[in-house]
Amino acid sequence: RSYCGKAQFILPRSFRLWALDSFALVIEHRAWARICSSFQLMCQHGAAARANAEPPLRPGEQDLSNWMSVLPSELPLAEVTMPGTHNTASYAITDGHYSAVVSASRCQSRPLHTQLKLGVRFLDLRVRNDGRLCHGRVSCDLTLRGALDICAAFLRANPSEVVLARIKDERGGRAAQEVDDLVREIAESADYPLYLQMRLPMLREVRGRIVILCDWSGGQLGLRWAGESMRLQDEYWQSSGSKKWHVVRHHLGKAAPQPDLLHVHFTSATSLPRKVPIAIARSVNPKLAHYLRSGPCLRFFGVVAMDFPSASLCEQLVRLNRPSALAVRNSPLVAYGFVAGRPLR
345 RSYCGKAQFI LPRSFRLWAL DSFALVIEHR AWARICSSFQ LMCQHGAAAR ANAEPPLRPG
405 EQDLSNWMSV LPSELPLAEV TMPGTHNTAS YAITDGHYSA VVSASRCQSR PLHTQLKLGV
465 RFLDLRVRND GRLCHGRVSC DLTLRGALDI CAAFLRANPS EVVLARIKDE RGGRAAQEVD
525 DLVREIAESA DYPLYLQMRL PMLREVRGRI VILCDWSGGQ LGLRWAGESM RLQDEYWQSS
585 GSKKWHVVRH HLGKAAPQPD LLHVHFTSAT SLPRKVPIAI ARSVNPKLAH YLRSGPCLRF
645 FGVVAMDFPS ASLCEQLVRL NRPSALAVRN SPLVAYGFVA GRPLR
């Protein structure tokens, strides 16, 4: 069409309508993409919040948040018997994995806050170089800083307690330097009450603190994992719970208290794909509970790191310690029947 002597081309109406519809579809697609992305982020945050929530204890479970308050301060830390958890953060495995992968990787079902309330004082923290906790290739909705935040808050509320934290570089190789840098950055921030010396302390030196056990290549912060100051049992590849229990019982029977030797016994095991962690735990944990009930009231074992420990199993291990007479008279834990030798409620 000509207009004022100039040629003006007008596209057919059908083409213009098609172009407008296509543009609207593009805008709608982008809007939906933003909505889906926001929804996915909300789901991730929701999963993280659920994983790290602090639910109340179940009926009948004792709150052992300050069980170490009845122990003599002059007691060497290495002579305390304490419950621990293997792959502590695996309760918070991220969404999106096949159920078989989750079953093979999950070793805990209770959040970290709850583990501490139930008396757990040894944590097994597997970390990647980006700071995220994991179990092998499987990520958890918890970071190393997040776990230390939970521990620091717990210790502020319960200054009589001590938490041992094994920090393990789960990838190895070149990632070890990045893990070392991460831990150094955390230590230099002074945000957490860390004990970083390379020796085993007395209990009075570390009340209210997190004792770091260094399990990354080249690390010089904290007590060296599996070093000369440790006696470690971690025979984790077992074809049955009975075979694992035979190993556990043998090593528990040889444990003897020494101020300069930390005993760590793992009751956890696996034999994939047939035996996942919970299958082994269902066999080993009842045997361990019976072993503790049938022996002397006061015995030493050191750290006993477990998969899926029950509240009563943690309590049985706590009761093996000999409290100081003065602390017992002044402690509300007497009301819970904490004193060794009294029957479990």
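For the sequence shown, position 76 (counting from the first letter as 1) is numbered 420 according to the working numbering, and the numbering increases by one without interruption. Note that CB positions come from ideal geometry on N, CA and C, so glycine has one too.
Using the C-alpha atoms, what's the distance from residue 516 back to residue 444?
Those two C-alpha atoms are separated by around 25 Å.
How is residue 652 classed by DSSP in three states: helix, strand or coil?
Residue 652: coil per DSSP, three-state reduction.
If the criterion is Cβ atoms closer than 8 Å, does the pair residue 614 and residue 632 meet it?
In this structure, residue 632 does not lie closer than 8 Å to residue 614 by Cβ.
Given a cut-off of 8 Å, decide if residue 548 and residue 504 are closer than it, judged by their beta-carbon atoms.
No.
Go through its chain and collect everything with a Cβ distance to residue 563's Cβ below 6 Å, but skip five positions before and after it.
Excluding residues within five positions, the ones whose Cβ falls inside 6 Å are 524.
Classify residue 659: buried if its beta carbon has 16 or more other beta carbons within 10 angstroms, exposed otherwise.
With 16 or more other Cβ atoms within 10 Å, it is buried.
Of the listed residues 591, 440, 540, 408, nearest to residue 426 (C-alpha basis)
Closest option to residue 426, judged by alpha-carbon separation, among 591, 440, 540, 408: 408.
Quick one: what does DSSP say residue 426 is sitting in, helix, strand or coil?
Strand, per DSSP.
Check for me: the alpha helix (DSSP H) holding residue 595 runs from which residue to which?
For residue 595, the enclosing alpha helix (DSSP H) starts and ends at 585-598.
Determine the contact status of residue 661 and residue 629, defining contact as a CB-CB distance below 8 Å.
Not a contact, by the Cβ cut-off of 8 Å.
DSSP-derived helix/strand/coil call for residue 392
Residue placement at residue 392 is poorly supported in this model, since its pLDDT is 47, which falls under 50; the coordinates are not used for a value here.
Just to confirm, is the Cβ distance from residue 582 to residue 609 under 8 Å?
Against a cut-off of 8 Å, the Cβ pair of residue 609 and residue 582 comes out as no contact.
I think residue 651 touches residue 624, with their Cβ atoms under 8 Å apart; what is that distance to the nearest whole Å?
7 Å between Cβ atoms; contact.
Could you tell me if residue 726 is buried or exposed, where buried requires 16 or more neighbouring beta carbons within 10 angstroms of its beta carbon?
Only positions 345 to 689 of the chain appear in the structure, and residue 726 is not among them; the question remains open.
Under 8 Å between C-beta atoms of residue 508 and residue 467
Annotated as proximal: residue 508 and residue 467, with beta-carbon spacing under 8 Å.
Span separating the alpha-carbon of residue 418 from that of residue 487
Rounded to whole angstroms, residue 418 to residue 487 spans 34 Å at the Cα level.
Give the DSSP-derived three-state secondary structure of residue 438 in the structure shown.
Residue state, collapsed to three classes: coil.
State buried or exposed for residue 448, treating a residue as buried only when at least 16 other CB atoms are found within 10 Å of its CB.
By the Cβ-count criterion, residue 448 is buried, with 16 or more other Cβ atoms from all chains shown falling within 10 Å of its own Cβ.
Residue 531 lies in the alpha helix (DSSP H); which residues open and close that run?
Note, residue 531: alpha helix (DSSP H), 519-533.
Does DSSP put residue 664 in a helix, a strand or coil?
Reduced to three states, the DSSP call for residue 664 is coil.
Where DSSP assigns a beta bridge to residue 574, which residues make up the other side?
Beta-bridge analysis with DSSP links residue 574 to 606.
If distances are taken between C-alpha atoms only, which option among 626, 555, 573 comes closest to residue 586?
Measuring from the Cα of residue 586, the nearest candidate turns out to be 626.
Give the DSSP-derived three-state secondary structure of residue 614 in the structure shown.
Residue 614 falls in the strand class under three-state DSSP.
Using 10 angstroms around the beta-carbon of residue 383, count the other beta-carbons present and answer buried if the total reaches 16, otherwise exposed.
Note that residue 383 scores a pLDDT of 48, beneath 50, so its modelled location is shaky and nothing firm can be said.
Simplified DSSP assignment, three categories, for residue 621
DSSP places residue 621 in helix when its eight states are reduced to three.
Among all the DSSP beta bridges, which residues are the ones paired with residue 479?
Beta-bridge pairing links residue 479 to 482.
Going by C-alpha distance, which of 423, 459, 478 is nearest residue 450?
Ranked by Cα distance from residue 450, the first of 423, 459, 478 is 478.
Verify whether the separation of the beta carbon atoms of residue 527 and residue 565 is less than 8 Å.
Yes; because the gap between Cβ atoms is below 8 Å, this pair is in contact.
Residue 635, DSSP secondary structure in three states
Assigned with DSSP and collapsed to three states, residue 635 falls in helix.
Closest by C-alpha distance to residue 647, when choosing among 429, 406, 416
Just measuring C-alpha positions, the residue of 429, 406, 416 sitting nearest residue 647 is 429.
How would you label residue 616, buried or exposed, when you count the other beta carbons within 10 angstroms and need 16 or more for buried?
It counts as exposed.
CA-to-CA distance, residue 598 to residue 497, given in whole angstroms
Each residue's alpha carbon lies about 36 Å from the other.
Going straight from the alpha carbon of residue 460 to that of residue 398, what length do you get?
So the two alpha carbons sit approximately 11 Å from each other.
Alpha carbon of residue 558 to alpha carbon of residue 571, nearest angstrom
So the alpha carbons of these two residues sit roughly 10 Å apart.
Which of the three DSSP states is assigned to residue 630 in this structure?
Three-state DSSP puts residue 630 in a helix.
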